[in-house]
Amino acid sequence: MTKHQRRVHTHWLNIRYAGEDEDDGCANELSFYAQPTTNRLQLLLTNVDFQKQGHDNTFSLDRDDAQALAKFLTSWLKEN
Numbered sequence: 001m002t003k004h005q006r007r008v009h010t011h012w013l014n015i016r017y018a019g020e021d022e023d024d025g026c027a028n029e030l031s032f033y034a035q036p037t038t039n040r041l042q043l044l045l046t047n048v049d050f051q052k053q054g055h056d057n058t059f060s061l062d063r064d065d066a067q068a069l070a071k072f073l074t075s076w077l078k079e080n
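Be aware that the sequence shown starts at 1, since it is given in full-length UniProt numbering, and climbs by one per residue.
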């Protein structure tokens, strides 16, 4: 895997990185999935430990959560 990969599909945004200087050197993955059958956005965060075992954490966002996230990211993008 390269240091950073980004893929976008119809209902998915998938971002992977490995060995970033600020991190512990382990691979990590962040995915957003827009479920076509619901009005929720699913988030999956995978952190791989030093034994190469993945640990998944999930979170579900509603429309208001997504709007707050979009506002936060838009503000960050303007500043950086």
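From the three backbone atoms N, C-alpha and C, an ideal C-beta is built for every residue, glycine too. From a predicted model like this one, the values you see are computed outputs, not experimental measurements.
Which residue comes first and which comes last in the alpha helix (DSSP H) that contains residue i?
{"i": "residue 74", "result": "63-79"}
What residue range is occupied by the uninterrupted beta strand (DSSP E) comprising residue i?
{"i": "residue 28", "result": "28-34"}
From residue i to residue j, what does the alpha carbon distance come to, in whole angstroms?
{"i": "residue 73", "j": "residue 41", "result": "16 Å"}
{"i": "residue 71", "j": "residue 54", "result": "31 Å"}
{"i": "residue 1", "j": "residue 32", "result": "Low local confidence applies: a pLDDT of 48 at residue 1 is under 50, so the model's placement there is unreliable, with the coordinate-based value given in what follows. The straight-line gap from Cα to Cα measures roughly 20 Å."}
{"i": "residue 51", "j": "residue 7", "result": "26 Å"}
Measure the CB-CB distance between residue i and residue j and report whether it falls below 8 Å.
{"i": "residue 27", "j": "residue 18", "result": "yes"}
{"i": "residue 61", "j": "residue 45", "result": "no"}
{"i": "residue 36", "j": "residue 11", "result": "yes"}
{"i": "residue 63", "j": "residue 39", "result": "yes"}
Relative to the alpha-carbon of residue i, which residue among the options has its alpha-carbon at the smallest distance?
{"i": "residue 4", "options": "15, 11, 10", "result": "15"}
{"i": "residue 57", "options": "30, 25, 24", "result": "30"}
{"i": "residue 49", "options": "68, 67, 25", "result": "25"}
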